[in-house]
Each structure stands twice: as C-alpha cells, then as structure tokens.
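Data block below; observations after.
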Amino acid sequence: MKFLHKCITAIILLFILCFSGCSFDSKYDAEFFAMDTVMTITAYGSNSTAAVSSAENEINRLDALLSVKNKNSEVYKLNADKSVKASDDMLALLNCASEAYDLTNGAFDITTEPLTKAWGFYSDLENRVPSQKEIEKALRLVGFDNIKTNKNVITLDGGATVDFGGIAKGYASAKAAKIIENNGVSSALISLGGNVRAVGSRPDGSDWSVAIVNPDDTSRRAGVLRLSDKAVVTSGGYQRNFEENGKIYHHIIDPRTGYPAQSGLKSVTVVSQDDCLADAMSTALFVLGLEESSKICLENSDTFGAVFITDKNKIYVTDNLKNCFNSESGFEVIA
Ligand code: AMP
Ligand code: MG
C-alpha cells in the first residue's frame with residue numbers, strides 16, 4: 154500500500170513538472186563583471202555549465218585586449234605607439250567600425266577617443282565639463298581617415314587615438330554566442346550591460362522576451378521585443394552620465410561638435426543578426442536623432458531595425474520590428 158502511494162505521488166509530480174512547462178534540461182546562470190559592466194548569461198542544456206564558463210573566459214580575454222586604460226592591452230599599445238601588428242580580433246573590430254562609419258556619415262567614429270577622455274568617461278577618470286579650448290584641441294585629433302591598414306598592421310596618423318567602447322560588447326556577445334553554440338547549447342540568453350544576444354529560442358521553442366528599459370526609471374520597462382537568434386542593443390544617455398551645474402552630460406559624443414549628442418532621443422535600441430553592427434548603430438543612431446536615423450534604417454531594413462524613445466517619451470519603431478514589439482504606452486511605426 155505504502156509502495157503504491159509513493160508511485161502515485163511520483164506520477165503526480167511528473168505530471169506537474171511536464172505541464173508547468175519545465176524542461177528536464179539543466180539551466181545554468183552566471184553573473185560576472187567585465188568591460189565596466191555587470192554581465193549575465195543563462196544557458197540551457199546538458200553542457201550549459203562548460204559552455205557559459207568558456208564564454209566568460211572569452212569575454213575576459215577580449216576585455217584585456219580592448220581596454221583603453223590597461224597598459225598591456227592591444228588598443229593601449231596602438232594608441233601609445235601609433236602602430237601595431239593587429240590581432241584578428243582587432244582587424245574584425247576595425248572592419249565593423251569602418252562599416253558603421255560609412256553607414257552613418259561619420260556619426261560612429263572610434264577616433265572620438267580624445268573627446269571621451271576629455272569628458273572623463275574612463276572609469277578611473279573624474280567626469281568634468283572640458284573647456285571649449287580643450288574640446289577644440291581634441292576635435293583636431295578626430296578623423297577616421299587617420300587610421301591606415303597595411304595587411305595586418307594598423308597605423309594611426311595625425312596624433313589619432315581609438316576607442317572600441319562603442320562596439321566591444323557587441324563584438325564580445327557574438328563571440329560568446331558562437332562559443333556557446335559550439336558547446337552544443339542551442340538555447341541561451343547573453344546580457345552584457347545594454348547588449349543582449351538571444352541564442353536560438355527558449356527551451357520550449359518560443360521566442361525570448363527582451364525588455365527595453367524605461368530611460369526615466371530603469372526598474373521599469375518601456376516595451377518588450379519577442380525574438381530568437383538576434384542581438385538587441387540599447388544606447389541611451391541614461392546609461393552613463395554626470396551632472397554639473399544642474400545640467401546632465403552623457404557618454405555618447407557627437408564627433409561633429411565634441412559635446413554629448415543632443416538629438417532629441419532618450420534611447421535607441423537596434424535589433425540585428427550582426428551583434429557588432431547593432432552595437433555600432435545604436436550608438437550612432439543616438440547621435441543622429443530620429444529623422445536622419447529613420448532614413449538609414451529604411452535603407453538597411455534587411456540588416457537591422459530600431460526602436461527609438463524620444464525626449465518627449467514617444468516610441469517609434471521601424472516597420473520590420475512592428476510585429477515583434479509591444480508597449481503599454483503605444484508606438485508609431487516609421488513608414
Ligand atoms: P554605447 O554605450 O555602445 O552606445 O557606446 C558608448 C561608448 O562608445 C562611449 O563610452 C565611448 O567609449 C564610445 N563613443 C562615444 N561616442 C562615440 C561615437 N560617436 N562613435 C564611436 N564611439 C563612441
Ligand atoms: Mg554601441
């Protein structure tokens with residue numbers, strides 16, 4: 154009788170597990186700090202622990218390679234020596250930066266580094282408003298044409314310096330996703346600060362829900378995207394900023410003025426298969442504002458889509474995302 158009782162209990166538990174949508178796949182969560190931000194990876198499947206651990210190692214490797222302030226990094230050496238025999242990673246990043254520079258008429262420009270430094274947007278520097286003279290001096294060093302490549306050697310002319318901060322996380326999320334997939338995991342969610350990469354779909358085959366943060370209150374959401382196998386990258390002035398004399402200054406610099414971009418936007422989210430391009434475009438579209446960005450999005454609708462939140466809290470969504478986006482506040486589709 155006791156045995157029968159145990160059997161019935163076991164069968165009931167099995168039913169509860171099956172109908173509650175739980176899979177028997179193991180789930181592994183990791184949280185760590187890299188590239189100046191908190192990162193999380195959730196992966197499902199029997200090899201998820203090893204997959205996530207390899208992905209974390211890769212992100213740390215790239216962090217060490219791309220940090221502008223770490224004296225042993227490749228970027229530090231390039232900026233100091235003005236020439237470096239570049240790794241495949243740096244060449245790939247430069248390719249991505251160059252594509253984004255061309256697509257955005259220079260709004261995405263890795264040679265804004267002297268400006269980012271002048272405004273103190275390095276984690277070990279103090280934020281401050283630079284004088285007009287300092288900004289003009291830094292602006293004279295900005296120019297993507299100063300970057301020259303000859304096979305795998307990158308050279309910087311005209312005193313230029315570079316900073317891959319606008320694409321490093323996007324590049325890292327693509328590499329992490331590849332490693333996770335190569336470890337046999339087909340369902341994972343990678344979140345590197347504002348950069349999210351959906352690997353495959355959820356374990357039950359449905360789309361992932363990726364929230365877009367409300368820029369006025371980051372504990373709330375402005376909307377939700379439902380998608381699989383895509384990168385979702387958000388850039389916004391709320392992510393990193395400081396206040397001086399009652400004015401807020403953020404970390405996304407307009408290379409034309411040398412000042413934090415003032416384009417009427419609170420945030421831009423870009424969705425693409427290409428993580429690095431999504432990262433570059435979210436930064437650049439934030440600089441350009443809704444009108445100019447809409448044209449770029451329309452011309453490249455087979456490569457990426459975007460969700461814009463304006464200073465007046467209106468949400469605009471490109472046509473290619475209208476069926477996977479939802480917001481309680483409503484939204485307008487960019488025609
Ligand atoms: P994100 O958070 O991806 O939008 O990138 C912002 C970071 O990219 C900044 O912290 C800088 O390191 C760098 N950055 C700022 N302005 C630009 C720009 N106009 N083009 C390229 N990189 C930029
Ligand atoms: Mg970016």
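When you read off a place in the sequence shown, starting at 1, and then add 153, the result is the number in this note's numbering.
Quick reminder that beta carbons are idealized off the backbone N, C-alpha and C, glycines included.
Quick caveat: nothing in here was measured; it's all calculated off a predicted structure.
Among all the DSSP beta bridges, which residues are the ones paired with residue i?
i	result
THR471	ILE487
PRO413	ILE406
MET243	Answer is none; MET243 lacks a bridge partner.
LYS331	Per DSSP, none; premise fails for LYS331.
LEU378	VAL363 and PHE478
VAL191	PHE186
TYR563	Coverage of the chain is limited to positions 154 through 488, which leaves residue 563 absent and any answer about it impossible.
GLY312	Paired residue(s): none; GLY312 is not in a bridge.
LEU418	THR463
By the DSSP assignment, the beta strand (DSSP E) with residue i in it spans what residues?
i	result
ASP182	180–187
GLU397	394–397
TYR402	400–403
LYS301	300–303
LYS383	That residue, LYS383, is in no beta strand (DSSP E); it is neither H nor E in DSSP.
ARG350	348–353
VAL460	457–463
SER236	236–238
Would residue i and residue j be called neighbours here (beta carbons separated by less than 7 Å)?
i	j	result
PRO408	ASP242	no
ALA364	SER425	no
GLY483	THR471	no
GLY347	THR314	no
ILE300	SER326	no
PHE439	ILE468	no
ALA271	GLU287	yes
MET188	ASP216	yes
ARG379	ASP357	no
THR264	PHE297	yes
GLY273	GLU266	no
ALA196	TYR181	yes
VAL237	ILE307	yes
GLY323	LEU294	no
LEU268	GLY411	yes
When you measure from the CB of residue i to every non-hydrogen atom of the ligand AMP, does any distance come out below 6 Å?
i	result
HIS404	yes
ASP316	yes
ILE436	The sequence as given places Thr at residue 436; Ile does not occur at that position. Indeed, a heavy atom of the ligand AMP lies less than 6 Å from the Cβ.
PRO408	yes
VAL423	no
VAL366	no
THR264	no
GLY411	no
PHE261	yes
SER319	Correcting the residue identity first, residue 319 is Gly in this sequence and not Ser. Because some heavy atom of the ligand AMP lies under 6 Å away, the Cβ of GLY319 counts as near it: yes.
VAL440	yes
THR269	yes
If you reduce the DSSP assignment to three classes, tell me which class residue i lands in.
i	result
ASP255	helix
LYS491	Any property of residue 491 remains undetermined from this structure, which presents the chain solely from 154 to 488.
ARG373	strand
PHE168	Residue placement at PHE168 is flagged as unreliable, the pLDDT there being 42, under the threshold of 50; a coordinate-derived value is accordingly withheld.
ILE307	strand
GLY318	coil
SER206	helix
ALA341	strand
PHE439	helix
PHE177	Bear in mind that a pLDDT of 46 at PHE177, under 50, signals an unreliable position, so the number given afterwards is only what the model happens to contain. Note: PHE177 maps to coil in three-state DSSP.
SER425	strand
TYR275	coil
LYS222	coil
GLY390	coil
GLU211	helix
ASN248	helix
SER454	coil
ARG281	coil
PHE297	helix
ALA217	helix
PRO368	coil
ALA433	helix
The ligand NAD and residue i: does the residue's C-beta get closer than 6 Å to at least one heavy atom of that ligand?
i	result
PHE274	No copy of the ligand NAD appears in this structure; the ligands present are the ligand AMP and the ligand MG.
Would the beta-carbon of residue i be found less than 6 Å away from any heavy atom of the ligand MG?
i	result
ASP432	yes
SER388	yes
Got a sec, what are the start and stop residues for the alpha helix (DSSP H) residue i sits in?
i	result
ALA271	266–271
ALA291	285–294
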